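Asks:
Protein chains: 2
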Amino acid sequence: MRLVIARCQVDYAGRLTAHLPMATRLIMVKNDGSVLVHSDGGSYKPLNWMSPPARLREGVTEDGRVEWTVHGKDGPDGDTLRILVDEVLSDSSHDLGLDPGLQKDGVEKHLQELLADHPGTLAPGLTLVRREYPTAIGPVDLLCRDDRGSCVAVEVKRRGDIDGVEQLTRYLELLNRDSTLCLNGSVRGIFAAQEIRPQARVLATD
Amino acid sequence: MRLVIARCQVDYAGRLTAHLPMATRLIMVKNDGSVLVHSDGGSYKPLNWMSPPARLREGVTEDGRVEWTVHGKDGPDGDTLRILVDEVLSDSSHDLGLDPGLQKDGVEKHLQELLADHPGTLAPGLTLVRREYPTAIGPVDLLCRDDRGSCVAVEVKRRGDIDGVEQLTRYLELLNRDSTLCLNGSVRGIFAAQEIRPQARVLATD
DNA sequence: CGTGCCAGGTGCCAT
DNA sequence: ATGGCACTTGGCACG
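Here the protein sequences come in this chain order: A and B. Residue numbering for the first sequence follows the UniProt record's numbering, starting at 1 and increasing by one per position. Residue numbering for the second sequence follows the UniProt record's numbering, starting at 1 and increasing by one per position.
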């Protein structure tokens with residue numbers, strides 16, 4: 001990994017065009033060729049960047065100024081990052097080696113497993129039929145059966161949003177066309193989330 | 001901005017928990033206290049991070065090892081990043097100053113403006129009623145009227161995807177309940193995108 | 001300030 | 001490869 005602190009001006013041309021006026025910034029060049037331009041604030045997103053695979057070429061403009069050109073996977077025809085380097089304040093390289101990678105826990109999958117083990121917490125008498133029940137338009141998170149034998153589709157979300165309700169609605173529509181599932185009345189839906197936005201709740205009671 | 005290259009192990013606890021085994025990485029500490037942990041690959045997203053405002057405290061564990069603790073906006077009760085620093089290979093600070101900021105061009109808004117100026121390109125005889133027409137469930141990108149006086153709702157997307165079609169369907173359903181808009185027949189919908197995915201096309205012809 | 005929605009989204013896993 | 005979908009999504013604009 002190469003770290004460069006430099007006064008620079010950056011221009012990106014690709015799916016959109018973006019321009020950064022001359023200022024002092026950090027330019028990070030990773031081993032896979034990807035380039036990140038960071039300022040001293042904002043969030044984790046760089047001001048400008050080039051995703052891997054990418055290739056950096058150090059050149060000089062007609063009037064003798066240092067210019068770095070970064071091309072994306074499509075080469076010179078695709079996305080291009082043009083960095084006009086006015087003054088280099090620091091330039092260092094470091095061998096980091098491969099990263100063993102990240103281990104996550106507590107995302108939706110985990111929540112889904114928890115609910116799969118205890119479907120009764122969603123509604124009394126609910127039992128699990130199958131997790132990730134496959135349909136033509138994607139898997140239903142949990143397919144259950146209530147105490148009267150009716151099918152219940154459960155959509156699990158960490159954040160309950162409008163599109164989550166729609167996802168569930170989409171499944172319900174499809175499942176209700178499947179006569180083998182509607183034996184004991186129509187398929188109901190349960191929207192399970194850690195946090196449900198009010199708008200989503202409104203739509204859900206439709 | 002402070003840049004540290006170090007062998008470290010990172011643990012995040014917040015909305016989820018995440019663990020990074022011991023390895024050599026870049027730790028970027030920005031002026032606003034935010035911390036980014038980068039490996040030498042992947043894309044612009046850090047392996048772990050803490051969003052601003054944040055505060056870093058350099059401490060020592062019981063058994064004498066160096067441990068950095070980063071707390072988020074909620075202080076010690078909120079998100080926490082724990083960095084166990086095994087060996088510092090490089091540690092430098094740089095004054096970058098304020099960044100003048102990014103100028104973008106060519107995203108959806110631009111596309112929407114273009115279509116708003118030339119609604120006729122969507123369908124012959126189409127005229128614009130209003131851009132960002134407000135409804136209870138969000139603004140319709142473009143509300144138009146065709147040559148027969150019927151209302152036409154237009155949803156503009158850079159990439160035509162399933163949820164875009166659903167967004168439009170949602171609007172159409174709502175608009176068709178509004179009798180003042182259905183004077184000359186029901187409200188039609190047009191899905192305008194630079195690129196339309198086949199699945200979305202299938203759903204759209206429903 | 002919440003709420004909705006876009007993003008050069010990125011990443012993960014399925015067919 | 002392509003599609004569907006979550007994400008510590010982040011970020012912005014508007015009511």
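Backbone N, C-alpha and C fix where the C-beta goes; we use that ideal spot for every residue, glycine too. Computed from a predicted model, the values in this text were never measured in an experiment.
1. Please list, in chain order, the chain A residues whose beta carbon lies closer than 7 Å to that of Glu166 (chain B).
2. With DSSP run on the structure shown, which of helix, strand or coil describes Tyr12 (chain A)?
3. At the level of alpha carbons, what is the spacing between Asp178 (chain A) and Leu126 (chain B)?
4. Where does the unbroken alpha helix (DSSP H) through Thr169 (chain A) begin, and where does it stop?
5. Run through DSSP, which three-state label would Asp77 (chain B) get?
6. Below 9 Å between beta carbons is the criterion; list the residues of the stretch 86–119 of chain A that meet it against any residue of chain B, in chain order.
7. So, is the C-beta of Asn176 (chain B) closer than 8 Å to a C-beta in chain A?
8. What do you reckon, are the CB atoms on Gly149 (chain A) and Leu96 (chain A) nearer than 8 Å?
9. Taking Cβ positions only, does Gly160 (chain A) come closer than 8 Å to chain B?
10. Given that Tyr171 (chain B) touches chain A, what residues does it touch there, using C-beta distances under 9 Å?
11. Cβ atoms of Cys8 (chain B) and Val85 (chain B): under 8 Å apart, would you say?
12. Cβ atoms of Leu174 (chain B) and Phe191 (chain B): under 8 Å apart, would you say?
13. Please classify Lys45 (chain A) as buried or exposed, where buried requires at least 16 neighbouring CB atoms within 10 angstroms.
14. Taking its Cβ as the centre, do 16 or more other Cβ atoms sit within 10 Å of Lys30 (chain B), making it buried, or is it exposed?
15. If you measure from the beta carbon of His19 (chain A) to each beta carbon in chain B, is any gap under 8 Å?
16. If you follow the alpha helix (DSSP H) that Ala116 (chain A) is part of, which residue opens it and which one closes it?
17. Tell whether a beta-carbon distance below 8 Å holds between Glu195 (chain A) and Arg159 (chain A).
18. Please list, in chain order, all residues of the same chain as Gly33 (chain A) whose beta carbon is under 7 Å from its beta carbon, the five residues on each side excluded.
19. By how many angstroms is the C-alpha of Lys157 (chain A) removed from the C-alpha of Asp163 (chain A)?
20. Of the residues A:Ala13, A:Thr17, A:Val10, A:Ile5, which one's Cα is nearest the Cα of Lys104 (chain B)?
21. Kindly indicate which three-state DSSP category Gly120 (chain B) falls into: helix, strand or coil?
22. I'd like the span of the beta strand (DSSP E) that includes Asp105 (chain B), first residue to last.
23. Taking only three categories from DSSP, how would you classify Leu181 (chain B)?
24. Using 7 Å as the cut-off, classify the Cβ of Leu81 (chain B) as near or not near the heavy atoms of the ligand GDP, replying yes or no.
25. My assumption, with CB atoms under 8 Å, is that Ala6 (chain B) sits in contact with Leu89 (chain B). Please give the rounded CB distance.
26. Tell me the DSSP secondary structure of Arg25 (chain A) in three-state form.
27. Cutting at 8 Å between CB atoms, please list the residues of its own chain near Arg170 (chain A), excluding the five before and the five after it.
28. Measure the C-alpha to C-alpha separation of residue 286 (chain A) and Leu122 (chain A) and round it to an integer number of angstroms.
29. Could you give the DSSP three-state label for Ser39 (chain B): helix, strand or coil?
30. Looking only at its chain, what residues have a beta carbon closer than 6 Å to the beta carbon of Lys73 (chain B), apart from the 5 residues adjacent to it on each side?
31. Tell me the residue span of the beta strand (DSSP E) that contains Asp141 (chain A).
32. If you reduce the DSSP assignment to three classes, tell me which class Asp99 (chain B) lands in.
33. Is the beta carbon of Val10 (chain B) closer than 8 Å to that of Val37 (chain B)?
34. Identify the contact partners of Leu47 (chain B) in chain A, using a Cβ-Cβ distance below 9 Å as the criterion.
Replies: From the atom records:
1. Contacts between Glu166 (chain B) and chain A, judged by CB atoms closer than 7 Å, involve Glu166 in chain order.
2. strand
3. C-alpha separation (whole angstroms): 41 Å.
4. 162–177
5. helix
6. Leu89, Ser90, Ser92, His94, Asp95, Leu96, Gly97, Leu98, Asp99, Pro100, Gly101, Leu102, Gln103, Lys104, Asp105, Gly106, Val107, His110
7. The C-beta of Asn176 (chain B) comes no closer than 8 Å to any C-beta of chain A.
8. no
9. no
10. Neighbours of Tyr171 (chain B) on chain A: none; closest Cβ ~12 Å, over 9 Å.
11. It is a contact, given that the beta carbons lie within the stated cut-off.
12. no
13. The residue is exposed, with fewer than 16 neighbouring Cβ atoms inside 10 Å.
14. buried
15. With its beta carbon less than 8 Å from one in chain B, His19 (chain A) belongs to the interface.
16. 108–117
17. yes
18. Pro52, Pro53, Ala54, Arg55, Leu56
19. 10 Å
20. A:Thr17
21. helix
22. 103–105
23. helix
24. Ligands in the displayed structure: none, and consequently the ligand GDP is not present.
25. 6 Å
26. strand
27. Cβ neighbours of Arg170 (chain A) beyond the five flanking positions: Ile137.
28. Given that chain A is displayed from residue 1 to residue 206, the structure contains no residue 286 (chain A) and the question cannot be resolved.
29. coil
30. Non-local beta-carbon contacts of Lys73 (chain B) in its own chain, meaning distances under 6 Å to residues more than five positions away in sequence, involve Pro53 in chain order.
31. 140–145
32. coil
33. yes
34. Asp99, Gly101, Leu102
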